[in-house]
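Worksheet: one structure, shown below.
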Amino acid sequence: MTKNDFIKSIATNAKQVCSERGYGYAQYATCIAQACCESGYGKSSLMDKAKAYFGIKATKAWLNKGGKIYNAKTKECYDGKTYTTITDSFRAYNSLADSVRDYFDLLSNKRYSASLKASTVKECITIIKNGGYATSPTYIDTIMKFYNSDKALIDEIYYGKTSNASNLEDVARAVIRGVYGNGSVRKLQLEREGYNYAEVQALVNKMLTK
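First residue of the sequence shown? That's 0 in numbering that gives the first Met the number 0, and the numbers climb one at a time after it.
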């Protein structure tokens, strides 16, 4: 599987789950970036065999309900400076789709749940990291690098179309006139019509400051 094929596979499943559960772009994109980082774009043979692309630890609760596991070495940083290599147990799945759904199930837990209301990828991954998902002190920056590197494809799959400049200006003017409402209502409506909310809002801000 190529890098782009992996992104498309994760993205397709992430988009479906986010649509079903009412999550937005930030949650969708963060999911993809984490999968790309944790599994090396699906190149980790052990993770690929286990259909596990997020490196989620297998807790006692997971084991008690009969969850599948695999064991692997991982590097942890407990003091913010020194990395220690340990062997730990991780959740395994029957399919990539199951892996993606369990990722979002995990985020619904109290310590991560605020991430499901985040409006940006940076905010989303910060909440996830601070909730204890990863011990690496550079985890947030690392995920953002993956996201920014693959943003074009991530956006293409999510929005389904690329707005041309003239059309985008018409949409921005409509936003200014109040056609799309405000706040979350505006964001939801624009995304439903296939527009990149951040792109439209940036143009609106630019028009308003002229």
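Ideal Cβ placement from N, Cα and C applies to all residues, glycine included.
Nearest residue (CA-CA) to residue i, options the options
i	options	result
N166	N195, Y22, G177, N204	N195
R217	L106, V203, L152	What is shown of the chain runs 0 to 209, which leaves residue 217 out entirely.
A60	A13, N108, C35	N108
A201	A71, K14, R172, I9	R172
L68	A91, T81, Y52, A51	One point to set straight first is that residue 68 is Ile, not Leu, in the sequence displayed. Closest option to I68, Cα to Cα, is A91.
I139	F5, S112, C36	C36
A224	Y27, E190, K7	Absent from the structure is residue 224, since the part of the chain shown begins at 0 and ends at 209.
V16	I124, F103, L152, K205	F103
K73	S135, G182, L187	Checking the displayed sequence, the identity of residue 73 turns out to be Thr instead of Lys. When only C-alpha atoms are compared, the closest one is S135.
Bridge partner(s) assigned by DSSP for residue i
i	result
S88	N70
C36	C36 pairs with nothing; no bridge assigned.
T83	E75
K64	Answer is none; K64 lacks a bridge partner.
Burial state of residue i, where buried means 16 or more other Cβ atoms lie within 10 Å
i	result
M46	buried
S210	Residue 210 cannot be examined here, being either before or after the span of the chain that is shown, 0 to 209.
I175	exposed
Y52	buried
T125	buried
L189	buried
G193	exposed
V18	For the record, residue 18 in the displayed sequence is Ser; it is not Val. Its Cβ having fewer than 16 others within 10 Å, S18 is exposed.
A133	buried
S98	buried
Whole-number beta carbon distance between residue j and residue i, since they are thought to touch under 8 angstroms
i	j	result
S101	I55	Inspection of the sequence shows that residue 101 is occupied by Asp rather than by Ser. With a Cβ gap of about 7 angstroms, D101 and I55 count as contacting.
Open item on the list: Would the region 27 to 42 count as touching the region 137 to 148 if we require 3 or more Cβ pairs under 8 angstroms?
Closed with: Short answer: they touch.
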